[in-house]
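Per our numbering: the sequence shown ends with 114, consecutive numbering throughout. Note that the Cβ used here is the ideal one computed from N, Cα and C, for glycine as well. Since the model is a prediction, treat every value here as computed from it, not as a measurement.
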Amino acid sequence: KDINVDPVGACIGQRGVRINNVSKEINYERIDIIRYNANPEMYIENAMSPAKVERVEMLSDGKGANVYAKKEEYSTAMGANGVNVSLATKLTGFFIHLVEPKEGD
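Laid out in structure tokens, this is it:
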């Protein structure tokens with residue numbers, strides 16, 4: 010493990026060359042690269058990007074998490090028809106429940 014190597018940057022390549030070549034091969038499908046983290050809360054937070062979440066609260070069963078986002082980040086975190094939450098759930102293997110912000114949050 011080389012601490013001087015940025016794994017996300019290495020996957021993307023200079024000026025996006027690597028990721029653009031892969032995208033081109035799969036009919037210009039959008040590709041997002043996220044950093045893996047052995048800590049489930051951090052991994053889920055990374056998977057929810059580009060939304061910035063306030064906190065991730067693992068459920069007691071260890072199979073899911075409540076994810077909290079501010080009002081201005083909620084729609085980004087959710088995605089169109091919930092696609093971002095669905096993709097993050099599939100990617101991480103944890104059921105993700107995006108908690109709607111309360112009035113005043």
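Any idea what DSSP makes of residue i, helix, strand or coil?
i: Glu38; result: coil
i: Gly88; result: coil
i: Met67; result: strand
i: Val26; result: helix
i: Val31; result: helix
Kindly indicate the opening and closing residues of the alpha helix (DSSP H) around residue i.
i: Leu96; result: 92–101
i: Pro59; result: It is not in any alpha helix (DSSP H) - Pro59 carries neither H nor E in the DSSP assignment.
i: Pro16; result: 16–21
Name the DSSP bridge partner or partners of residue i?
i: Ala74; result: Met67, Ile105
Do residue i and residue j have their CB atoms nearer than 8 Å?
i: Val26; j: Ile40; result: no
i: Tyr37; j: Thr101; result: no
i: Val62; j: Ala89; result: no
i: Val82; j: Ala60; result: Sequence check: residue 82 is Glu here, not Val. Cβ atoms of Glu82 and Ala60: closer than 8 Å.
Are the segment 88–103 and the segment 55–72 touching by the rule of at least three beta carbon pairs closer than 8 Å? yes
Measuring CB atoms only, is the segment 72–92 touching the segment 104–112, in the sense that at least three cross pairs come out at less than 8 Å? yes
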